[in-house]
Amino acid sequence: MEQIDPDALTQLEEEYGKFMNTNSHSLLKKHLTQEVFDKVKHRVTAEGATLHDCIRSGLANPDSNIGLYAADTESYILFQELFDPVIDEYHGGFGPSETHPKSDFGDPSDLGDLNELGDYVLSTRVRCARSIEGYPFNPLLTSDQYTELEQDVEYALENLEGDLGGKYRSLSEISSEEQEELLQRHLLFKQGDRFLEAAGASRFWPEGRGIFLNNDNTLVVWVNEEDHMRIISMQYGGHIGEVYDRFVRAVTILSDNLPMSSSERLGFLSFCPTNLGTSIRASVHIHLPLLGRDRKTLEDTAAKFNLQVRGTSGEHSEAEDYVFDISNRRRLGITEIEALKEMCNGIKEIIQLESRMEEGSSQSRKQSH
Ligand code: ADP
Ligand code: DAR
Numbered sequence: 002m003e004q005i006d007p008d009a010l011t012q013l014e015e016e017y018g019k020f021m022n023t024n025s026h027s028l029l030k031k032h033l034t035q036e037v038f039d040k041v042k043h044r045v046t047a048e049g050a051t052l053h054d055c056i057r058s059g060l061a062n063p064d065s066n067i068g069l070y071a072a073d074t075e076s077y078i079l080f081q082e083l084f085d086p087v088i089d090e091y092h093g094g095f096g097p098s099e100t101h102p103k104s105d106f107g108d109p110s111d112l113g114d115l116n117e118l119g120d121y122v123l124s125t126r127v128r129c130a131r132s133i134e135g136y137p138f139n140p141l142l143t144s145d146q147y148t149e150l151e152q153d154v155e156y157a158l159e160n161l162e163g164d165l166g167g168k169y170r171s172l173s174e175i176s177s178e179e180q181e182e183l184l185q186r187h188l189l190f191k192q193g194d195r196f197l198e199a200a201g202a203s204r205f206w207p208e209g210r211g212i213f214l215n216n217d218n219t220l221v222v223w224v225n226e227e228d229h230m231r232i233i234s235m236q237y238g239g240h241i242g243e244v245y246d247r248f249v250r251a252v253t254i255l256s257d258n259l260p261m262s263s264s265e266r267l268g269f270l271s272f273c274p275t276n277l278g279t280s281i282r283a284s285v286h287i288h289l290p291l292l293g294r295d296r297k298t299l300e301d302t303a304a305k306f307n308l309q310v311r312g313t314s315g316e317h318s319e320a321e322d323y324v325f326d327i328s329n330r331r332r333l334g335i336t337e338i339e340a341l342k343e344m345c346n347g348i349k350e351i352i353q354l355e356s357r358m359e360e361g362s363s364q365s366r367k368q369s370h
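Counting from 2, one number per residue, gives the positions in the sequence shown under the working numbering.
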């Protein structure tokens, strides 16, 4: 096994020492014990990834929740003494001997509409990450590899036809005004995330970065943001069955035209360990004017159904006008259709809770008159 350069090791040890004196609550701090650190600190993957390449973000941002990303697919194996306990804890119990189940996308027509009255759910989205075999992740990608990766994906996107058909554009071809408009419509990825920047995900920006949009802006593919690809289906309203059907068709076609990175144990491989397995995050933008005022009850209810609450603009954002982004938290150790059903069940419960609170508040208003 290749060994880390002595000067690089010295720098890593200094940064680790400082980090361990912070009051970080990240999973990195919890699981990169001195024993684990000393065991893996010398290792280097075949493509040249070091432990430092995987933990730079968490060292620089002690307020990280997780704090680490895989620098390449081999990192999940070579640094497994660190990744495995982080994966086990984040995904709610997925121990080193567990294996991700075979893909099962199920039947989208089983899902229907989460909120037929349209009084709570503003929009619905299903996304996954996909990595392309033969390429490392952000910390190791060269400028040429970003360009080659983009070309590979752009070529595969040409297989999307009919209601999936659309146009790919490199970020450098889109004006800053249009980028801002796409961002406001939640179609384009945010830029400047300090966690991703520290993880090496902004190197050579905007080289190789871009976005595919189908003709009605309900299918989106991000290229080389956090992952090699993010495949996203989204639309107004709560019809998760339609959103998921479009998602499954697009993922299937792209999987037939690109070699996607996966492992038997971890399923589809992603830059961040939170996106392994199915890599699916199925979310609603939901208006919760009452439950949204009782954040603890909202968070407790979400946790009960393995849901995650994010702000209106997604991760690291706040809710605006009590519109929350609520999605499944588990992506690994369950099938695609199980992740979707887990999200649907939780959202239906949250809608019922908000509706009961509404009835309660209207009853008390009547009694007070
Ligand atoms: P990701 O979903 O890719 O992990 P984020 O949490 O940053 O990353 O969300 C990305 C974008 O998707 C954000 O602009 C967020 O507001 C938007 N988004 C998430 N869920 C929905 C939804 N149900 N409807 C509309 N936009 C959504
Ligand atoms: N903010 C980083 C990443 C957490 C997971 N989100 C991703 N991968 N976008 C953290 O460690 O909190």
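C-beta atoms are modelled at their ideal positions from N, C-alpha and C, and glycine is treated no differently.
Secondary structure of C273, DSSP reduced to three states
Indexing the sequence shown from 1 puts residue 273 at position 272. C273: coil per DSSP, three-state reduction.
Nearest-angstrom Cα distance between I133 and I352?
In the sequence shown, counting from the first residue as 1, residue 133 sits at position 132. In the sequence shown, counting from the first residue as 1, residue 352 sits at position 351. Answer to the nearest angstrom: the Cα atoms are 38 Å apart.
Nonlocal neighbours in the same chain, by C-beta distance under 8 Å from I281, ignoring five residues either side:
Taking the sequence shown and counting its residues from 1, one reaches residue 281 at position 280. These residues qualify, in order along the chain: V127, R128, C129, N329, R332, E337, A340 and L341.
Selection from D111, P207 and I348 that minimises the alpha carbon distance to A283:
Working through the sequence shown from its first residue, we reach residue 283 at position 282. Among D111, P207 and I348, the Cα nearest to that of A283 is on I348.
Is the beta carbon of T23 within less than 7 Å of some heavy atom of ligand 2?
Within the sequence shown, numbered from 1, the residue matching residue 23 stands at position 22. Because no heavy atom of ligand 2 lies under 7 Å away, the Cβ of T23 does not count as near it: no.
When you compare each of Q152, G211 and D54 to I175 by their alpha carbons, which one comes out closest?
As a position in the sequence shown, residue 175 is number 174, starting the count at 1. Nearest of Q152, G211 and D54 to I175, Cα basis: G211.
Would you mind stating whether L289 and Y323 have Cβ atoms separated by less than 8 Å?
On the sequence shown, residue 289 is found 288 positions in, with the first residue counted as 1. On the sequence shown, residue 323 is found 322 positions in, with the first residue counted as 1. Yes, Cβ-Cβ distance for L289 and Y323 is below 8 Å.
Any heavy atom of ligand 1 inside 7 Å of the beta-carbon of S362?
Residue numbering aside, residue 362 sits at position 361 when the sequence shown is read from its first letter. No, the beta carbon of S362 sits no closer than 7 Å to any heavy atom of ligand 1.
When you compare only the Cα positions, how much space is there between L292 and L299?
As a working mapping, residue 292 is identified with position 291 in the sequence shown. As a working mapping, residue 299 is identified with position 298 in the sequence shown. Cα to Cα, L292 sits roughly 6 Å from L299.
N218: buried (16+ other C-beta within 10 angstroms of its C-beta) or exposed?
Mapped onto the sequence shown, residue 218 falls at position 217. N218 should be labelled exposed.
Closest residue to L197 among D228, L214, K168 and R170 (Cα-Cα distance):
To locate residue 197, count along the sequence shown from 1; it is residue 196. Closest by alpha carbon: D228.
Cβ separation of L158 and Y147, assumed to be a contact under 8 Å, to the nearest whole Å:
Here residue 158 refers to the residue found at position 157 of the sequence shown. Here residue 147 refers to the residue found at position 146 of the sequence shown. The Cβ separation is near 16 Å, so there is no contact.
Do H43 and L10 have their beta-carbon atoms positioned less than 8 Å apart in this structure?
Position 9 of the sequence shown holds residue 10. Position 42 of the sequence shown holds residue 43. Going by C-beta atoms, L10 is nearer than 8 Å to H43.
Run through the DSSP bridge pairs and tell me what N215 is partnered with.
In the sequence shown, residue 215 corresponds to position 214, counting from 1. Paired residue(s): G167.
Compute the beta-carbon to beta-carbon distance between V154 and L270, rounded to the nearest angstrom, for a pair I have assumed lies under 8 Å.
Within the sequence shown, numbered from 1, the residue matching residue 154 stands at position 153. Within the sequence shown, numbered from 1, the residue matching residue 270 stands at position 269. Not confirmed; about 16 Å, so no contact.
Count the other C-beta atoms from every protein chain shown that fall within 10 angstroms of the C-beta of D73, then say buried if there are 16 or more, exposed otherwise.
Position 72 of the sequence shown, counted from the start, is the residue given in the question as residue 73. Counting Cβ neighbours within 10 Å, D73 comes out buried, since at least 16 surround it.
Under 7 Å: does the beta carbon of I327 sit that close to some heavy atom of ligand 3?
This structure simply doesn't include ligand 3; it includes ligand 1 and ligand 2 instead.
What residue range is occupied by the uninterrupted alpha helix (DSSP H) comprising L150?
Here residue 150 is taken as the residue at index 149 of the sequence shown, counted from 1. Per DSSP, L150 belongs to the alpha helix (DSSP H) from S144 to L158.
What did DSSP end up calling E3 once you bin it into helix, strand or coil?
As a position in the sequence shown, residue 3 is number 2, starting the count at 1. Looking at E3 - three-state DSSP - the assignment turns out to be coil, as it is neither helix nor strand.
Nearest neighbour of N139, chosen from L29, A50, R366 and S263 [CA to CA]:
Translated into positions along the sequence shown, residue 139 becomes position 138. For N139, the nearest C-alpha among the options comes from A50.
Taking the CB atoms as reference points, tell me whether L112 and C345 lie closer together than 8 Å.
Here residue 112 corresponds to residue number 111 of the sequence shown, with the count starting at 1. Here residue 345 corresponds to residue number 344 of the sequence shown, with the count starting at 1. Cβ atoms of L112 and C345: closer than 8 Å.
Can you give me the C-alpha to C-alpha distance between S263 and L33, rounded to a whole angstrom?
Position 262 of the sequence shown, counting from 1, holds the residue named residue 263. Position 32 of the sequence shown, counting from 1, holds the residue named residue 33. Taking the straight line from one Cα to the other gives about 25 Å.
Residues bridged to Q309 by DSSP?
Taking the first residue of the sequence shown as position 1, residue 309 is located at position 308. S328, per the DSSP bridge assignment.
Can you tell which of V45, P102 and V37 has its C-alpha closest to the C-alpha of G1?
Only positions 2 to 370 of the chain appear in this structure, which leaves residue 1 out of reach.
CB of M235 within 8 Å of CB of R131, strictly:
For this step, residue 235 is matched to residue 234 along the sequence shown. For this step, residue 131 is matched to residue 130 along the sequence shown. Their beta carbons are not under 8 Å apart, which means M235 does not touch R131 by this criterion.
Which first and last residues belong to the alpha helix (DSSP H) in which S363 is found?
By 1-based counting over the sequence shown, the position of residue 363 is 362. Here the alpha helix (DSSP H) through S363 covers E337 to S369.
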